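Peer 1: I'd like to ask you about the structure that follows.
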DNA sequence: ATGATGCAGGCATACGATTTCACCCACCAA
DNA sequence: TTGGTGGGTGAAATCGTATGCCTGCATCAT
């Protein structure tokens with residue numbers, strides 16, 4: 493068919509279509525963009541152009557589109573911590589939801605303090621470029637964004653560690669939606685979960701099983717985000733008048749962190765009979781540690797997690813946890829982001845706040861106190 | 493500082509720099525791109541331009557760059573299954589590695605049979621556009637790519653289910669690197685692991701512990717990818733002369749799949765004393781099922797996984813598995829992709845093949861046969 | 001003194017699509 | 001016949017960057 497031509501120009505341009513359909517390139521643009529043109533197009537011309545485009549296998553060049561200020565249909569996702577299974581699930585939901593809206597997702601990962609390093613290694617490719625461009629560190633931080641390359645940005649998790657990124661975002665024109673913002677200032681439209689209600693649901697469940705010696709393992713973010721911990725403290729004070737001293741353990745937000753935290757708790761003279769964890773990841777670490785030190789779950793110890801990540805239903809034993817409505821939250825956020833991407837700039841920065849309610853999911857890691 | 497100006501033009505262009513530094517736009521481009529120009533630039537001019545750029549907070553517009561055929565520094569990742577924790581880890585590695593090379597990652601997910609649906613819902617945004625563009629289904633499938641928007645494509649997992657995607661890739665000029673291609677035809681440079689060696693390592697370990705009744709749980713991909721299963725069959729025949737009948741269970745590549753498979757195995761009159769799973773995900777399902785039906789691991793049953801995903805070290809009990817060298821594989825692939833992105837088109841499609849060796853990681857889910 | 005060299009930098013154009021403006025033509029009313 | 005009028009189309013500017021080509025201006029050798 494288009495043999496040798498496709499070898500040279502695999503993707504035909506509008507000019508090619510125009511030549512083949514014997515119209516001008518402007519007409520091709522008008523027909524293919526499908527936008528309600530100000531100018532009328534004869535039905536037959538329209539058909540001819542469409543047919544030609546199909547035959548030649550036309551694909552619009554999004555870069556050229558974007559250059560004119562049109563949308564690139566790209567959503568940038570900046571995620572605090574990649575290795576966290578919770579965010580892995582979030583990203584999946586985000587990608588699926590975005591594609592359903594006709595958008596793709598560009599992943600950005602905010603390097604800890606690695607601005608320098610990233611710049612250096614990028615230099616491999618860019619030659620002197622990296623060194624030459626002004627304000628290189630700042631550029632490295634906002635790498636994903638490269639403003640205007642992207643129609644909207646979704647912030648996943650606490651971004652407090654990256655003020656530079658937030659500042660860049662603030663000064664740019666891209667709409668931003670923040671999810672699970674933690675301690676980040678509420679400067680963008682935000683979607684979050686009612687952490688306090690979630691923690692209370694888990695704790696109420698433990699109390700209803702007769703537990704009193706309930707410890708809390710808090711996955712500590714770099715900036716003290718203590719909503720879940722505070723919810724625990726308040727709950728304990730309400731129900732028992734006081735928080736058992738030493739019953740709050742803080743640890744890294746990892747499996748190993750939860751593991752270590754439980755070991756510390758069980759080493760106490762008065763070990764708890766139940767543990768609430770601030771995330772499933774640490775809860776799974778707790779499960780593992782309990783098994784390692786010979787504590788039976790749920791016989792000797794009840795464990796409640798938070799998030800209901802994918803593996804939670806298949807741990808040993810299956811984890812009782814609080815389901816984070818990820819798809820609802822992400823779905824809402826994407827809808828919001830897409831809407832903002834189309835709206836005039838001035839309407840975008842209203843820091844709205846939408847809260848979703850988590851719900852308890854009882855499985856096998858909790859049992860009545862012995 | 494730049495008060496009202498930033499309100500109108502948040503991101504200055506090269507033209508702005510040029511005006512401010514009293515040089516031509518071309519000079520600005522030459523200085524900022526840092527490429528070894530054919531044209532000499534006076535050091536002082538260079539400095540002046542750089543300073544001006546810094547002061548005005550210049551950021552290159554990647555779209556405009558890309559339009560000229562330059563690189564967009566974007567790598568497209570197409571992943572077979574998002575919900576798989578294995579691929580979550582892979583994506584993390586990919587993002588980190590890509591950013592180290594100065595690239596960002598665009599996530600694509602190949603919809604099962606959902607071409608229609610995706611197109612419809614995308615229509616929300618594009619109005620008649622979606623319907624108007626030729627070959628809409630094809631466009632939906634290659635959504636991420638939008639050829640030339642991306643410098644290279646990394647294929648994650650088996651793409652056999654998506655011949656349309658492969659065809660598009662074949663006809664486009666983007667370099668492609670395939671990772672863990674499974675049954676996909678070897679038409680691109682490929683990076684894979686030595687599955688056979690990995691399975692044999694796991695099985696040898698079980699045999700050295702005295703196990704003979706070793707079953708295999710195969711996470712079945714849509715296209716029968718049976719390298720791991722075949723490795724098991726061969727191994728068993730070599731060591732025991734035959735494969736115990738009914739000892740190969742196939743299941744969905746999910747936690748629930750592994751769960752169900754183990755239940756079937758343990759229901760047999762001659763249950764195995766050890767199980768090798770083709771992936772950690774199903775192995776974790778196996779662990780969970782064993783616990784549910786009262787089979788102790790590793791007392792009654794030894795379990796070996798494959799992949800060494802993040803949670804594997806923290807399951808109950810910690811999973812003995814075969815470590816998939818993800819970072820090595822991804823690192824090699826990204827280096828390759830970046831190199832190909834810079835090379836002339838004709839050198840790109842040589843279907844090279846690089847194989848990495850997995851290694852056994854012994855933890856607590858295996859023990860001598862009782 | 002003068003053409004040859006080399007250094008610095010500007011001009012113009014290309015990239016592919018969008019969009020504004022202008023144009024042509026047919027048809028209708030006056 | 002002529003001045004609309006409006007439908008249908010094309011030419012050209014534009015977006016921001018990269019680059020081939022050309023032009024000044026010194027300096028240098030002859």
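Protein chains in written order, with the numbering used here: chain A, 493 to 862; chain B, 493 to 862. Just so it is clear, CB atoms sit at the ideal spot from N, CA and C, and this is done for glycine as well. Model, not experiment: these values are computed from the prediction.
DSSP three-state call for residue 795 of chain B: helix, strand or coil?
Peer 2: Three-state DSSP puts residue 795 of chain B in a strand.
Peer 1: In or out: residue 664 of chain A buried (at least 16 other Cβ within 10 Å) or exposed?
Peer 2: Residue 664 of chain A comes out buried.
Peer 1: Does the beta carbon of residue 757 of chain B come closer than 8 Å to any beta carbon on chain A?
Peer 2: It does not: the Cβ of residue 757 of chain B has no partner Cβ on chain A nearer than 8 Å.
Peer 1: State buried or exposed for residue 561 of chain A, treating a residue as buried only when at least 16 other CB atoms are found within 10 Å of its CB.
Peer 2: Burial call: exposed.
Peer 1: Enumerated in chain order, which unbroken segments of the beta strand (DSSP E) with a length of 3 residues or greater are wholly contained in the stretch 673–750 of chain B?
Peer 2: List check, beta strand (DSSP E) in window: 682–685, 706–712, 740–744.
Peer 1: DSSP state of residue 788 of chain A, grouped into three classes?
Peer 2: The answer is coil: DSSP assigns residue 788 of chain A none of H, G, I, E or B.
Peer 1: Helix, strand or coil: how does DSSP classify residue 756 of chain A here?
Peer 2: Residue 756 of chain A falls in the helix class under three-state DSSP.
Peer 1: Cα separation between residue 745 of chain B and residue 781 of chain B?
Peer 2: Roughly 15 Å separates the two Cα atoms.
Peer 1: Tell me the rounded alpha-carbon separation between residue 822 of chain A and residue 589 of chain A.
Peer 2: Near 7 Å, if we compare the C-alpha coordinates of residue 589 of chain A and residue 822 of chain A.
Peer 1: Could you check the C-alpha separation between residue 732 of chain B and residue 698 of chain B for me, to the nearest Å?
Peer 2: Using only the alpha carbons, I get a separation of about 13 Å.
Peer 1: Can we say the stretch 748–755 of chain B touches the stretch 675–690 of chain B, given the rule of at least three CB pairs closer than 8 Å?
Peer 2: Short answer: they don't touch.
Peer 1: Measuring only between beta-carbons, confirm whether residue 864 of chain A sits less than 8 Å from chain B.
Peer 2: The structure shown has nothing for residue 864 of chain A, since chain A only spans 493 to 862.
Peer 1: How about residue 765 of chain A and residue 705 of chain A: do their beta carbons lie closer than 8 Å?
Peer 2: Their beta carbons are under 8 Å apart, which means residue 765 of chain A touches residue 705 of chain A by this criterion.
Peer 1: Apply the 10 Å Cβ neighbour rule to residue 844 of chain A and answer buried if 16 or more other Cβ atoms are within range, or exposed otherwise.
Peer 2: Exposed: under 16 other Cβ atoms inside 10 Å.
Peer 1: Using the C-alpha atoms, what's the distance from residue 728 of chain B back to residue 570 of chain A?
Peer 2: Spanning the two alpha carbons is a distance of roughly 47 Å.
Peer 1: For residue 654 of chain A, would you say it is in contact with chain B, using Cβ-to-Cβ distances shorter than 8 Å as the test?
Peer 2: Not an interface residue.
Peer 1: Could you run through the stretch 794–820 of chain A and flag, in chain order, every residue whose CB is less than 9 Å away from some CB of chain B?
Peer 2: Cβ contacts with chain B come from 802, 803, 805, 806, 807, 808, 809, 810.
Peer 1: Quick check on DSSP: helix, strand or coil for residue 846 of chain A?
Peer 2: Of the three classes helix, strand and coil, the one that applies to residue 846 of chain A here is strand, per DSSP.
Peer 1: Determine the direct distance from the alpha carbon of residue 759 of chain A to that of residue 645 of chain B, and round the result to whole angstroms.
Peer 2: For residue 645 of chain B and residue 759 of chain A, the distance between alpha carbons rounds to 51 Å.
Peer 1: For residue 771 of chain A, name the three-state secondary structure that DSSP assigns.
Peer 2: Coil at residue 771 of chain A, not helix or strand.
Peer 1: Which whole-angstrom value describes the C-beta separation of residue 723 of chain B and residue 692 of chain B, a residue pair presumed to lie in contact below a C-beta threshold of 8 Å?
Peer 2: At roughly 6 Å, the Cβ-Cβ gap stays under 8 Å, so residue 723 of chain B and residue 692 of chain B are in contact.
Peer 1: Roughly how many angstroms lie between the CA atoms of residue 523 of chain B and residue 532 of chain B, to the nearest whole one?
Peer 2: Taking the straight line joining both Cα atoms gives about 10 Å.
Peer 1: Pick out whichever of B/579, B/762, B/694, B/807 has its Cα sitting closest to the Cα of residue 770 of chain B.
Peer 2: The shortest C-alpha separation from residue 770 of chain B is found at B/694.
Peer 1: Beta-carbon within less than 8 Å of residue 616 of chain B's beta-carbon, same chain only, minus the 5 sequence neighbours each way: which residues are those?
Peer 2: With a pLDDT of 34 at residue 616 of chain B, under the threshold of 50, the modelled position of that residue is not reliable, and the figure given next carries that caveat. Excluding residues within five positions, none has a Cβ falling inside 8 Å.
Peer 1: Within 10 Å of its beta-carbon, does residue 608 of chain B have 16 or more other beta-carbons around it, so buried, or fewer, so exposed?
Peer 2: Here the model assigns residue 608 of chain B a pLDDT of 29, short of 50, so the residue's position is not dependable and the matter cannot be decided.
Peer 1: List, in chain order, every chain B residue whose beta-carbon is nearer than 8 Å to that of residue 558 of chain A.
Peer 2: By Cβ distance, chain B contributes 555.
Peer 1: Would you be able to state if there are at least three C-beta pairs under 8 Å between the stretch 845–862 of chain A and the stretch 789–798 of chain A?
Peer 2: The answer is yes - the stretch 845–862 of chain A touches the stretch 789–798 of chain A, with three or more Cβ pairs under 8 Å.
Peer 1: Could you check which residue in B/673, B/841, B/552 has the C-alpha nearest to that of residue 715 of chain B?
Peer 2: Answer by Cα proximity: B/673.
Peer 1: Would residue 510 of chain A count as contacting chain B if we go by Cβ distances under 8 Å?
Peer 2: No, because no Cβ of chain B sits closer than 8 Å to the Cβ of residue 510 of chain A.
Peer 1: Using only the alpha-carbon positions, how far apart do residue 777 of chain A and residue 682 of chain B sit?
Peer 2: Cα-Cα distance, rounded: 36 Å.
Peer 1: Three-state secondary structure (DSSP) at residue 863 of chain B?
Peer 2: Outside the shown range of chain B (493 to 862) lies residue 863 of chain B, about which nothing can therefore be said.
Peer 1: Need the endpoints of the beta strand (DSSP E) that residue 450 of chain A sits in, please.
Peer 2: Missing from the structure shown is residue 450 of chain A; chain A here goes from 493 to 862 and no further.
Peer 1: At the 8 Å Cβ level, is residue 697 of chain B part of the contact set with chain A, yes or no?
Peer 2: No - not a single Cβ of chain A is within 8 Å of the one on residue 697 of chain B.
Peer 1: Helix, strand or coil: how does DSSP classify residue 668 of chain A here?
Peer 2: Three-state DSSP puts residue 668 of chain A in a strand.
Peer 1: Distance, Cα to Cα, residue 575 of chain A vs residue 649 of chain A?
Peer 2: For residue 575 of chain A and residue 649 of chain A, the distance between alpha carbons rounds to 13 Å.
Peer 1: Against residue 747 of chain B, what residues of chain A qualify as contacts under a CB-to-CB distance less than 9 Å, listed in chain order?
Peer 2: Result: 802, 803, 805, 806.
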